[in-house]
Structures are given as structure tokens and as C-alpha cells.
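Notes follow once the structure below has been shown.
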Amino acid sequence: EPEVTQTPSHQVTQMGQEVILRCVPISNHLYFYWYRQILGQKVEFLVSFYNNEISEKSEIFDDQFSVERPDGSNFTLKIRSTKLEDSAMYFCASSAPSDRVPYEQYFGPGTRLTVT
Amino acid sequence: AQSVTQPDIHITVSEGASLELRCNYSYGATPYLFWYVQSPGQGLQLLLKYFSGDTLVQGIKGFEAEFKRSQSSFNLRKPSVHWSDAAEYFCAVGARGGGNKLTFGTGTQLKVEL
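Residue numbers (this note's numbering), protein chains in the order written: chain A, 1 to 116; chain B, 1001 to 1114.
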């Protein structure tokens, strides 16, 4: 069964450093998403991406964040200068369009980002 | 703005007992509704979804949920809980159109006593 994969599973970085989180969505999917979950809190939407552009972003997704689909398979989230409060589990998701199920989102296992 | 409330933070049930997890949503139109399950250290697995039509939807692992428009609810049920059902359960509402973002509730942690 196809699945969303994410690398690395755990990333430790120092405050102020740039990090790139990588995702490989399900191959025939066209919509891509990033969510995050701070420890003990709910899952929060960051950004959605379709047709090589951002379709929606949350207030969390400020200028420090960017997304990219550099090739036909990867979808990345970059944090330019990490802060302590960026420590969280980051989930990638993807979905395929259809008339009946516009966006049943499938999630990857997550990347745990720890900023020290 | 859309929102989801899961009033129960923790629930403990005995194995074999029935289960109901509550979910209330706020959305201006007919929503898309989902239940996801998260086991420790794992990602989010889709249990079931409601888009339209029959208000009682069946999902994986023997779960079902009922959409009640009048109560703005989408409660998750299972007739007989198994020890492997211990996990965190998230209800989510999705907007129709736009960026298709999901808005999640705070989750309900389910503990199963043997």
C-alpha cells in the first residue's frame, strides 16, 4: 500500500540554524501539506501546496518557513533560522483530487524536530 | 472559522466494553469530518471520514461514527474495544475548497484496561 514517507525521523539542531525536512508524498497525489504538533498539543495546519504554489498558509507559517517541490517526488519544508519554539513533530500529508473525495489526507510518520 | 472540540482528554475503558469518543465541530456549512488515530511514536492514520450522504459511516478496525447536524457532532464508536485500540484519537474538520486544511481537536487519549 502506498504511503507518505518522511526523513529524517528525528532532527536535532541549534537555535538559529536552518533545517530542511523532507517528505515523499504518495506518487499520484497532487495536494501536499505540512502540519506540526508541539508536544502535548493538537495538530496544527501550517501550509497546503498545489500546482507548485502555496494554496493556503496559517499564521504560524511566517517568513521563516518555506516549502518546495524540487523534483517530481519530494516535498520539503525549510525553516530558515530555527527557534526553540519550533521544536515539534512535523507531519507531511498528501491527497489526491477526485469528484467525491477531494482531499482524504494521508499522513507520514513525522519528523521530530528538537531545537536546542 | 472552523473549530473542533473534543471534551474528553482521557478515557479509560475495559477491554470488550463499548466506546464512544465525543467530537463537536463548528463550521458554517456542511463540513468534511474525519477521525484519525495516533499510536505512540506513529503518524496519523485515517479511521473514517464523512463527506455527504449516509450519516453513519464505517471505518477501519471496527470503528464507526455518526454525523448529527442538529448537534454539530461526529462521535466515534466501537462496540467492543480491544487492548490494541489504546492510542490517541483526533477528530478533524475540513473546509470545502480553498487550501483544504484540516483543523484538529485536542485529541482524546484512550486507555484500555485488561
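For every residue, glycine included, the Cβ atom is placed at its ideal position computed from N, Cα and C.
Beta carbon of residue i, beta carbon of residue j: below 7 Å?
i       : j       : result
A/S66   : A/V4    : no
B/A1086 : B/V1112 : yes
B/L1114 : B/W1083 : yes
B/T981  : B/I1011 : Because residue 981 of chain B is not part of the residues shown, which for chain B are 1001 to 1114, the question remains open.
A/N28   : A/A96   : yes
B/V1057 : B/L1019 : no
B/G1059 : A/P109  : no
A/Q11   : A/L113  : yes
Please look up how many angstroms separate the CB atoms of residue i and residue j, rounded, as I've assumed it's under 8 Å.
i       : j       : result
B/F1090 : A/V43   : 6 Å
A/S81   : A/Q64   : 6 Å
A/T111  : A/Q6    : 5 Å
B/Y1025 : B/S1072 : 6 Å
* To do: Could you name the residues of the stretch 9 to 32 of chain A whose beta carbon sits closer than 8 Å to any beta carbon of chain B, in the order they occur along the chain?
  => Y31
* Asked: How about the stretch 1001 to 1020 of chain B and the stretch 83 to 97 of chain A: do they share at least three Cβ pairs that are nearer than 8 Å?
  -> no
* So, do the stretch 1095 to 1112 of chain B and the stretch 1026 to 1037 of chain B have three or more beta carbon pairs nearer to each other than 8 Å? -> yes
* Contact residues within the stretch 1031 to 1044 of chain B, judged by C-beta distance below 9 Å to chain A -> Against chain A - using a Cβ distance shorter than 9 Å - the residues of the stretch 1031 to 1044 of chain B are Y1032, F1034, Y1036, Q1038, G1041, Q1042, G1043 and L1044.
* **the stretch 19 to 26 of chain A in contact with the stretch 75 to 83 of chain A per 3-pair CB rule at 8 Å** => yes
* Listed from N- to C-terminal order along the chain, which residues in the stretch 1058 to 1091 of chain B have their beta-carbon within a distance smaller than 9 Å of any beta-carbon of chain A? -> F1090
* Counting Cβ pairs closer than 8 Å, one from the stretch 1063 to 1070 of chain B and one from the stretch 1036 to 1052 of chain B, do we hit at least three? -> yes
* Along the stretch 63 to 94 of chain A, what residues have a CB closer than 7 Å to any CB found in chain B? -> F91
* Asked: Mind listing which residues of the stretch 1096 to 1111 of chain B have their C-beta closer than 9 Å to chain A's C-betas, in chain order?
  -> R1096, G1097, G1098, G1099, N1100, K1101, L1102, T1103, F1104, G1105, T1106 and G1107
* **Length-filtered (3 minimum) beta strand (DSSP E) runs lying within the stretch 12 to 53 of chain A** => 19 to 24, 31 to 37 and 43 to 50
* Ordered list of beta strand (DSSP E) runs contained in the stretch 59 to 96 of chain A, each at least 3 residues -> 65 to 68, 75 to 79 and 88 to 95
* Residues in the stretch 32 to 59 of chain A having any Cβ partner in chain B nearer than 7 Å -> K42, V43, F45, S48, S55 and E56
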